[in-house]
Amino acid sequence: METVLRGRDGRELIIGPNQPFTPIGERLNPTNKPRLQRAYDSGDWGFVRREAVRQVKAGAAVIDVNTGDPSHEIEARKMRDAVRAVQEAVDVPISIDSYTVDALVAGLEAVQGRPLINSVPFEREYMDELFPAIKAHDAVLIGMCTKGGAAMPQTAEERVANARALIAEAARHGIPPADILVDPVCLPIGANDIYGPGLLGAIRTLRREDDLNMSIGLSNLSFGLPYRRVLNAAGLLSAIACGLTAAIVDMTHREIRHAVLAANLLRGKDEYSGAWISNYRAEEAADAAKKGKAAEAE
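According to this note's numbering, the sequence shown is numbered sequentially starting from 148.
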């Protein structure tokens, strides 16, 4: 199965098991980022644009935009302005990220191309309100394997059952499986030994039996543990091997970037190792420049 997104210029990004892995840049989320929060509050869209460009240069294929604000009206305004600012700077597809329907609709009205909506919980009233807007704007959604009022799924079986129920509910609104990235819910593996096997088992089943495209929020995996970047990179490689086709990640972290590039190379999705070698040369040049500046400062 293939899922198609488009950037502002109409260029298609195809997500699927026979395509290169799709990294979704996570850095435009103000949680624990006071500098970004100030930029959103003050309308410093130059800072936002620079962050978007930085992520695309690092390899992000989609840019996630989250403007979280306790006021729904203010969040909607920020989302509209942020989406426009990001699309002035980069031409990759946009992921509009909020739980607030007003903010999501504001982003849909502002965006050019075919975006992602991140992320939709399995709550029927919420879905009944949001899905018509998603359908009207021809957007793709990330749907979570959670059920409103229920505990987070822990086992692979729970995740798979919820994913299939989500797909059925979306079909009721005229949204086909190809327009959905299922989020099998990445939980902190340090909290419970079954969270890792449950996640990977669900990805494996949903790939083999349901042919679904999937995305996870990778940073949740290592919450509360040391060596987070190394653990996230290892987890990402394991998930890709099981069939994961996209993830919300920070591609400016070398460990994550290397994992994505290595996965593409090992899966035959990097012709003549071009992307791997280009990244190596870029990192070598950047390191040499840093050393040169440090030497000048001595």
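Think of the CB as a built atom: it goes at the ideal place given N, C-alpha and C, for glycine as much as any other residue.
- Across the structure, Leu152 and Tyr342 are spaced so that their CA atoms are roughly 30 Å apart.
- In terms of Cα proximity to Gln166, the closest of Ala432, Phe370, Asn360 is Asn360.
- Between Val200 and Ile241, the gap from beta carbon to beta carbon reaches 8 Å or more.
- Taking 8 Å as the cut-off, the Cβ atoms of Ala303 and Gly348 count as close.
- By the neighbour-count criterion, in which 16 or more other beta carbons inside 10 Å mark a residue as buried, Leu277 falls on the buried side.
- Boundaries of the alpha helix (DSSP H) harbouring Ala303: 303-319, taken from the DSSP string.
- Taking C-beta atoms as the reference points, Pro331 and Ala310 count as a pair closer than 8 Å.
- In the DSSP assignment, Met398 falls outside any beta strand (DSSP E), carrying neither H nor E.
- Collapsing the DSSP output to three states places Ile350 in a helix.
- Under the three-state reduction of DSSP output, Pro170 falls in the strand class.
- If you draw a straight line from the Cα of Ala318 to the Cα of Pro324, it is about 8 Å long.
- Runs of the beta strand (DSSP E) lying entirely within the stretch 165-231, each at least 3 residues long, are 169-175, 209-212 in chain order.
- Per DSSP, the continuous beta strand (DSSP E) segment holding Glu159 begins and ends at 159-162.
- Non-local beta-carbon contacts of Asp326 in its own chain, meaning distances under 6 Å to residues more than five positions away in sequence, involve Val287 in chain order.
- When beta bridges are read from the DSSP output, Ala393 appears opposite Thr169, Ser362.
- Per DSSP, Lys438 is one residue of the alpha helix (DSSP H) stretching across 421-444.
- When the Cα atoms are used, Gly415 and Ser218 turn out to be separated by approximately 47 Å.
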